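Data first, discussion second: the structure below is written as structure tokens.
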Amino acid sequence: ILVSKDESIYEKAPIGKVINTVGAGDALLAGFLASYTKSPDLKAALQQGIKCASKVVFTGYI
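Its first residue numbered 77, the sequence shown is counted upward by one per residue in my numbering.
Structural data, given as structure tokens:
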């Protein structure tokens, strides 16, 4: 869930086997910020953040 003063955005998390959650929040924020600095599209940035966090969670690599 992402909430701004103008909107609320909900994206479902992908389903998979969780290996390790260490660094998932950092990866989510890094993916979000990398996307948002290129284009101020909150939904796309959230989707990119979730994609990055999922790679960490499902593979166990930081």
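Glycine included, each C-beta is placed from N, C-alpha and C at the ideal position.
The model shown is predicted, which means the values in this text are computed figures rather than measured ones.
Item	Value
Going straight from the alpha carbon of Ile126 to that of Ser84, what length do you get?	16 Å
As a quick exercise: from Leu105, Ser111, Ala110, pick the residue whose alpha carbon is nearest that of Ala129.	Leu105
Give me, in chain order, the residues of the same chain whose beta-carbon lies closer than 6 Å to that of Ala103; leave out the 5 immediate sequence neighbours on both sides.	Cys128, Ala129, Val132
Return the CA-CA distance between Gly92 and Thr135, expressed in angstroms with no decimal places.	10 Å
Can you tell me where the alpha helix (DSSP H) holding Gly125 begins and where it ends?	118 to 135
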